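Comments concern the structure below.
2 protein chains.
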Amino acid sequence: MARNDLSPTRTPVKVSEATIQRLPVYLYRLQALQKHGVRRVSSRDLAAQVRVKAAQLRYDFRQFGGFSRPGQPYDVDHAVRRLREILGLAVPVNCIIAGLGNLGQAIANYAQFAQDGFNLVGLFDINPKLVGYSIRGITIEDIDAMPAFIGQRGVQLGIIAVPPEAAQSVAERMAGAGIRGIWNFAPVDLRLPPRVVLHDEFLSVGIMSLRFKVKALLENGGGF
Amino acid sequence: MARNDLSPTRTPVKVSEATIQRLPVYLYRLQALQKHGVRRVSSRDLAAQVRVKAAQLRYDFRQFGGFSRPGQPYDVDHAVRRLREILGLAVPVNCIIAGLGNLGQAIANYAQFAQDGFNLVGLFDINPKLVGYSIRGITIEDIDAMPAFIGQRGVQLGIIAVPPEAAQSVAERMAGAGIRGIWNFAPVDLRLPPRVVLHDEFLSVGIMSLRFKVKALLENGGGF
DNA sequence: TAGATTGTTAATCGATTAACAATC
DNA sequence: TAGATTGTTAATCGATTAACAATC
Numbered sequence: 106m107a108r109n110d111l112s113p114t115r116t117p118v119k120v121s122e123a124t125i126q127r128l129p130v131y132l133y134r135l136q137a138l139q140k141h142g143v144r145r146v147s148s149r150d151l152a153a154q155v156r157v158k159a160a161q162l163r164y165d166f167r168q169f170g171g172f173s174r175p176g177q178p179y180d181v182d183h184a185v186r187r188l189r190e191i192l193g194l195a196v197p198v199n200c201i202i203a204g205l206g207n208l209g210q211a212i213a214n215y216a217q218f219a220q221d222g223f224n225l226v227g228l229f230d231i232n233p234k235l236v237g238y239s240i241r242g243i244t245i246e247d248i249d250a251m252p253a254f255i256g257q258r259g260v261q262l263g264i265i266a267v268p269p270e271a272a273q274s275v276a277e278r279m280a281g282a283g284i285r286g287i288w289n290f291a292p293v294d295l296r297l298p299p300r301v302v303l304h305d306e307f308l309s310v311g312i313m314s315l316r317f318k319v320k321a322l323l324e325n326g327g328g329f
Numbered sequence: 106m107a108r109n110d111l112s113p114t115r116t117p118v119k120v121s122e123a124t125i126q127r128l129p130v131y132l133y134r135l136q137a138l139q140k141h142g143v144r145r146v147s148s149r150d151l152a153a154q155v156r157v158k159a160a161q162l163r164y165d166f167r168q169f170g171g172f173s174r175p176g177q178p179y180d181v182d183h184a185v186r187r188l189r190e191i192l193g194l195a196v197p198v199n200c201i202i203a204g205l206g207n208l209g210q211a212i213a214n215y216a217q218f219a220q221d222g223f224n225l226v227g228l229f230d231i232n233p234k235l236v237g238y239s240i241r242g243i244t245i246e247d248i249d250a251m252p253a254f255i256g257q258r259g260v261q262l263g264i265i266a267v268p269p270e271a272a273q274s275v276a277e278r279m280a281g282a283g284i285r286g287i288w289n290f291a292p293v294d295l296r297l298p299p300r301v302v303l304h305d306e307f308l309s310v311g312i313m314s315l316r317f318k319v320k321a322l323l324e325n326g327g328g329f
């Protein structure tokens with residue numbers, strides 16, 4: 106493939122899940138440096154701050170053509186721009202939340218998302234007590250209104266925070282209405298057409314694996 | 106190492122992070138089968154349901170001695186017991202939450218945790234408007250009361266849901282008071298003594314990686 | 001220039017998978 | 001028994017890392 110082909114950043118056909126998960130971590134750290142007025146940072150320093158090896162960070166960046174030139178540390182502003190572009194944060198997308206129990210409300214109230222180009226445009230629930238109630242200026246509607254809303258507003262991402270029993274049905278309605286990606290908090294293995302990207306966020310997995318590691322540490326005093 | 110050494114399940118010294126993260130997923134699926142009255146399940150079927158290869162599931166189980174014998178499918182009840190034991194869910198642990206904004210409250214209200222042996226015993230916040238308020242029968246106390254509380258109640262796990270700026274200080278106070286593990290929701294790279302296990306739960310990473318995958322899918326029509 | 005630092009490659013490491021003997 | 005299925009090993013695959021030439 107030619108070196109400078111067309112658009113500033115071509116997404117490589119194959120990027121590992123591990124790399125994808127590290128990109129937002131790099132971005133967060135770089136934005137924190139930016140806030141502190143840091144202009145340039147080496148792969149060694151940045152990597153140490155997010156607990157990865159410098160070689161890994163450079164290898165990750167290189168998959169998108171690299172962010173600098175040999176001998177020159179990274180320009181913080183430039184790296185932030187590149188990462189935001191790579192992750193797609195530069196172009197705002199419309200999102201909706203299905204399920205406004207405690208977790209759904211917490212997500213809806215998380216203001217940071219707006220800054221990263223996640224436009225929350227709709228909230229849906231099946232509970233009549235919640236329908237009509239507003240969060241951050243958005244009125245909760247009945248879940249039956251969701252499919253039409255997705256089509257009309259061009260909603261790309263759906264967030265599922267409904268109880269496990271309802272998750273598959275909600276996911277199917279999202280997929281049927283043309284949604285592109287689903288961020289699923291319900292501890293259920295959803296079945297979806299392959300054109301819809303699924304990202305599971307099983308919080309219980311987090312605390313259970315923490316507990317396993319604590320147990321292992323106490324038992325063998327280090328390592329797992 | 107001898108085959109049947111002592112306690113029913115010895116935790117191997119080295120279990121990969123990937124395996125650790127899959128154990129709770131197996132457990133959830135098996136519990137769902139249990140609820141549906143299923144008594145036995147093959148590695149092939151169980152693996153398909155959680156979208157892993159059967160060989161991987163067997164390899165995961167084998168790290169803890171295996172859950173059955175050649176020719177015999179897994180006994181669902183037995184596998185559930187083994188997994189709960191392996192993960193340490195059989196022995197209840199005391200947990201606290203620091204930070205009761207939207208996210209902290211959502212976690213506090215998540216009832217499922219109690220069933221998995223996570224006893225929520227304390228809630229702490231710095232905001233005087235929240236102190237004194239109760240969630241699920243637990244009164245929110247001032248964060249300054251946290252260290253003594255950890256020692257007195259033998260709290261093992263701390264959940265950090267405070268703003269990023271406050272996270273490092275809260276984490277240090279938890280660590281100083283003898284906590285064993287921290288489940289951190291603040292998008293910050295915490296520095297902790299190695300005797301404290303840290304599990305980061307950066308929700309933004311989830312939605313950002315979802316967005317990246319959606320973008321990649323639209324650009325190259327498949328693969329990443 | 002000399003020291004620092006990136007991009008890049010090849011070697012290493014570790015996780016996944018296929019294959020099959022042992023067992024029900 | 002014959003078919004199904006696990007435990008187990010070795011082969012494969014992919015991710016991480018060390019090393020260094022190129023460049024500032």
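Chains as they are written, first to last, in our numbering: chain A, 106 to 329; chain B, 106 to 329. Backbone N, C-alpha and C define an ideal beta-carbon position, used for all residues, glycine too. Because the structure is a prediction, the values reported are computed rather than measured.
Quick check on residue i - is its C-beta less than 7 Å from some C-beta in chain B?
i      : result
A:E306 : yes
A:P126 : Contrary to the premise, residue 126 of chain A reads as Gln rather than Pro in this sequence. Answer yes: the Cβ-Cβ gap between A:Q126 and chain B drops below 7 Å somewhere.
A:R296 : no
A:N207 : yes
A:G286 : yes
A:N224 : no
A:E270 : no
A:Y164 : no
A:K234 : no
A:N109 : With a pLDDT of only 35 at A:N109, under 50, the local geometry of the prediction cannot be trusted, and no value is derived from it.
A:A184 : no
A:P197 : no
With distances taken between CB atoms, is the gap from residue i to residue j smaller than 7 Å?
i      : j      : result
B:F172 : B:Y179 : yes
B:L262 : B:G286 : yes
A:G63  : A:N199 : In this structure chain A extends from 106 to 329, so residue 63 of chain A is not present and cannot be described.
A:A266 : A:G209 : yes
A:G181 : A:V143 : Contrary to the premise, residue 181 of chain A reads as Val rather than Gly in this sequence. Contact: yes.
A:R149 : A:A159 : yes
B:V185 : A:D294 : no
B:L132 : B:L205 : no
Taking the alpha-carbon positions, what's the residue i to residue j distance?
i      : j      : result
B:I243 : B:L225 : 8 Å
B:S314 : B:K234 : 36 Å
B:Q279 : B:G222 : In the sequence under discussion, the amino acid at residue 279 of chain B is Met, which differs from the Gln named in the question. In a straight line, the C-alpha of B:M279 is about 20 Å away from that of B:G222.
B:K318 : A:P299 : 12 Å
A:G283 : A:I255 : 7 Å
A:D305 : A:A321 : 26 Å
A:I312 : A:G176 : 42 Å
B:N289 : B:V302 : 11 Å
B:V120 : B:V130 : 16 Å
A:H183 : A:L194 : 15 Å
A:A211 : A:R134 : 24 Å
A:A213 : B:G170 : 44 Å
A:E190 : B:P252 : 43 Å
B:P292 : A:V310 : 18 Å
A:P117 : A:A153 : 26 Å
A:A137 : B:G227 : 31 Å
B:N207 : A:F166 : 35 Å
B:P197 : B:I240 : 20 Å
A:K140 : B:V275 : 22 Å
B:T124 : A:A216 : 34 Å
State the DSSP-derived secondary structure class of residue i, mapped to helix, strand or coil.
i      : result
A:V319 : helix
B:D182 : helix
A:R300 : coil
A:D150 : helix
A:D230 : strand
A:F290 : coil
B:V198 : strand
A:A271 : helix
A:E306 : coil
A:R145 : strand
B:N224 : strand
A:S121 : coil
A:L262 : strand
Using a Cβ-Cβ cut-off of 7 Å, state whether residue i counts as contacting chain A.
i      : result
B:S239 : no
B:G142 : no
B:Y179 : no
B:M279 : no
B:F329 : Residue confidence for B:F329 is low, a pLDDT of 47 falling below 50, so the modelled location carries little weight and cannot support an answer.
Quick test of your reading: residue i and residue j, contact by CB under 8 Å. State the CB separation rounded to the nearest angstrom.
i      : j      : result
B:I201 : B:D230 : About 11 Å separates the two Cβ atoms, so there is no contact after all.
A:V157 : A:R127 : 7 Å
A:A203 : A:I264 : 7 Å
A:L192 : B:R316 : 6 Å
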